[in-house]
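Numbering (the numbering used here), first residue to last: 1477 to 2161. C-beta: ideal position from N, C-alpha, C; glycine also.
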Amino acid sequence: MRFYLLLFTLLNSIAGYAQTNDSDYYLLPSAEIKSSSLVSKLRLLSSEITITQDAIKNQPGFSILPALNTVAGVRMEERSPGSYRLSVRGSLLRSPFGVRNVKIYLNNLPFTDAGGNSYLNSLDLNNAQSLKVLKGPSGSFFGANTGGVLLINPVKTFKDSFKAEAVLSVGSYGLFKESILIHRQWKKVIFDMNYSYQRANNYRDNSAMNRDYLQLASTWVYNKKSALKFLGLISDLNYKTPGGLNKKQFDEKPSQSRPATLILPSAKEQKAAIYNTTYFGGITNEYAINENLIHVISVFGSATVFKNPFITNYEKRDEYSFGTRTYFDLKIPGNFTFKNKFSLGAEWQRTSSLINNYDNIRGDEGSIQASDKIRATQSFYFARFQTDIRKRLLIEASASYNLYAYSYKNIFPSANTQFTRNNFSPSILPRVSLNYLLTKNISMRAIVSSGYSSPTIAEIRSSNNIVNVSLQAEKGINYEAGIRMKTTSGKLWIDLTAFYFNLNQAIVRRLDSSGNEYFINAGKTVQPGIEVNAGANILSAGKSKIIKTIDFNAGFTYSRFKFGNYISGLSDFSGNKLTGVPAETVTENINIGFPGDVFLYVQHYYCSSLPLDDANSAKANSYNLVQIKISWDIIKAKYSPSVFFGIDNLLNEKYSLGNDLNAVGGRYYNAAPPFNFYGGVKLSF
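Following this line, the structure appears as structure tokens:
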């Protein structure tokens, strides 16, 4: 809200340029990291799905969660508004909150820090151009991960030299959001600004959320061969954390926050919350050395001030990160028989964290409990070779050499003067993939890849205030095969993948009797699964007076993930289902266009039951979530207004959108809102 008047003034001052027609402005190249040499969708060398801006705009606009959950193999959770977890093929096993084990990039800039954490909830991605999900280990080009990679193009693109959009939305439980977007393109320069403010009181007690978000981006083509690109953002996020409920509490009054016990006060009494102010920025230079060789180099940095008054303590963290990423892309001249491409690069970053824990005196810090400094350094070198044989067989061989180390020093109570360093053994991650074009409409692929993920700072030094030097990196090998098919017209497509992932030293979360978390290596997990994504353009530009267009998409995930060899103390969990992973999820959505630019979007998401603890002694029930959105684009009117109205949880299901796994006292459940609605208006200039 505090930026709104400033931005409104800026909008009006720039709007005067809207009449300028720079017909000779440059169409600039994209700065997006390419996951493969994208010959066509059929010939992709990985199991990847791209969520486009058209798909994003069909969603409510308050959270990117429903859009990501349309992708088979991906599950985004929200324990309470603002508290996100992102799972790719079961990777949230080690994520009590936040995003771990999924590497995130904003264009060429790593958003995941050297400590392995990604503050995805700091971002407002509703104006992003695209989100690309790479499923399975992708360490050969993107460094340490076993879950996958999320590539975000955060800047919405336009064909016009000037564009401005303003959106105002309101909804149930005090939901309010305002956003403004400005795009201006001159001959050699592009400028983009995206600002939003969002707040809500929310359904559960002690769960209010506020976020201010400002994102700036620019591109300068300073000569015919080079472009300099900048991306920066500031996010000021705070949300209250209601805490998990046991089954009886969830059944009787799901809207309540975690109540007090005989030993511990309630979440509301302790004013449990998260306060996160994050600054992130980076510069990328792209240089075309010649028509076959391109060099890209980026430098980036971030700072986060993090506060978390919790029931048992009050944690404060100051985190600073910086790093660089660079690579060369070489197209090797060939003929019809062979076309080759070679990439070579490196990435390095460091994160320094000062972590202080205090007694929590009803939301205020009390006496200090512990204080540590931790420095994490992560780097990798990568090489990739691709060859296209007669435009039918694509082969890619790639590998990375990964290094990880952290140093720690206790400030209180021990007052150490020297850092203690813990070096992890270097890891080489190879990857081989093939794609064969059976016909012009059918392709098959096979992939073998290695995964490696070192423990994050939040796992090494968790909320029990102990630096766990025994925690090891998890490693695994992934095997998968897939087939893609489409009709000649392109109106129907299907992507089917079968995979088998064998993970060793899996990192899992445990809780002590006070509710403080700690992490252990759980031996082995076995993760076979099937994923299907499909889409159909049922009707395009129809002549009917009732319906003009119909688009349908669907996704299906079948997971049979289990612990292989997992013994903790006297308990043997070997053979149990993997905690927090549903056996099946199904998503379908349909977008219907009516005359007069009226659209109806309906999305259904089914989640089967899932185990809530390693012993499989408790489970969350299955649920069906239905969302609808009706929009009307009044294109011929001044400012091209659009009005929209939507309903979330149409069936009024009682469910938990994000569970606390292995919670003490059976406090697994975080109730999601029942039937609720929203509406708003959008103006375009």
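Rounded to the nearest angstrom, the Cβ distance from F1812 to R1866 is 7 angstroms, consistent with a contact under 8 angstroms. In terms of Cβ geometry, A1949 and F1900 form a close pair [threshold 7 angstroms]. Of all alpha-carbon atoms in F1638, P1613, G1821, the one lying nearest the alpha-carbon of H1659 is that of F1638. The alpha carbon of S1645 has as its nearest neighbour, out of L1596, S1616, G2122, I2043, the alpha carbon of G2122. The beta carbon of P1889 lies closer than 8 angstroms to those of A1846 in the same chain, with the five residues before and after it left out. Here the alpha carbon of S1938 sits roughly 34 angstroms from the alpha carbon of L2101. Judged by beta-carbon spacing, A1822 lies beyond the 7 angstroms limit of G1591, meaning their Cβ atoms are not closer than that value. Taking C-beta atoms as the reference points, G1799 and W1824 count as a pair closer than 7 angstroms. With fewer than 16 neighbouring CB atoms inside 10 Å of its own CB, Q1894 falls in the exposed class. Under the criterion of beta carbons closer than 8 angstroms, Y1560 and N1597 qualify as touching, at roughly 5 angstroms. A check of alpha carbon separations from G2011 across P1630, I1525, L1521 identifies I1525 as the nearest.
Excluding residues up to 5 positions away in sequence, nothing lies with its Cβ nearer than 6 angstroms to the Cβ of I1739 in the same chain.
With distances taken between CA atoms, Y1803 lies nearest to L1820 out of A2113, L1820, D1681. By the Cβ criterion, the segment 1711–1722 is in contact with the segment 1682–1697, since at least three pairs of Cβ atoms, one from each stretch, lie closer than 8 angstroms. In its chain, beyond the 5 residues on either side, R1570, P1572, E1993, F1995, L2137, N2138 have a beta carbon closer than 7 angstroms to the beta carbon of R1985. In summary, I1532 is buried, with 16 or more beta-carbon neighbours lying within 10 Å of its beta-carbon over all protein chains present. Here V2119 is exposed: its Cβ has fewer than 16 other Cβ atoms, across all protein chains shown, within 10 Å. For the 7 angstroms CB-CB criterion, M1920 and I1959 form a contact. At the C-beta level, A2059 and S2084 come within 7 angstroms of one another. The beta-bridge partner set that DSSP reports for T1588 is empty. When the beta-carbon positions are compared, A1875 and P1906 come within less than 7 angstroms of each other. The C-alpha of T1737 lies about 50 angstroms from the C-alpha of Y1877.
Per DSSP, L1879 is one residue of the beta strand (DSSP E) stretching across 1869–1888. The alpha helix (DSSP H) runs lying completely inside the segment 1595–1620 and spanning 4 residues or more are 1615–1618, given in chain order. Here I1918 really is in contact with M1961; their C-beta atoms are around 5 angstroms apart, less than 8 angstroms. Straight-line measurement puts the Cα of I2043 at about 58 angstroms from the Cα of D2109. Taking the CA atoms as reference points, Q2103 sits about 12 angstroms from E2129. Just measuring C-alpha positions, the residue of L1690, K1635, D1681 sitting nearest I1666 is K1635. Within the segment 1709–1781, the runs of alpha helix (DSSP H) that reach at least 4 residues and sit entirely inside it are, in chain order, 1723–1728. With fewer than 16 other Cβ atoms inside 10 Å of its own Cβ, L2127 counts as exposed. In the three-state DSSP reduction, L1521 falls in the coil class, being neither helix nor strand. The three-state reading of DSSP puts A2012 in strand, counting E and B together.
Counting only runs of 3+ residues, the beta strand (DSSP E) found wholly inside the segment 1962–2027 occupies 1968–1980, 1983–1987, 1993–1997, 2000–2015, in chain order. Nearest to G2134 by alpha-carbon distance, out of K1653, P1557, L1544, is P1557. Within the same chain, and ignoring the five residues on either side of Q1535 in sequence, the residues whose Cβ sits closer than 6 angstroms to its Cβ are P1542, A1543. Buried is the label assigned to A1620, since at least 16 other Cβ atoms lie within 10 Å of its Cβ.
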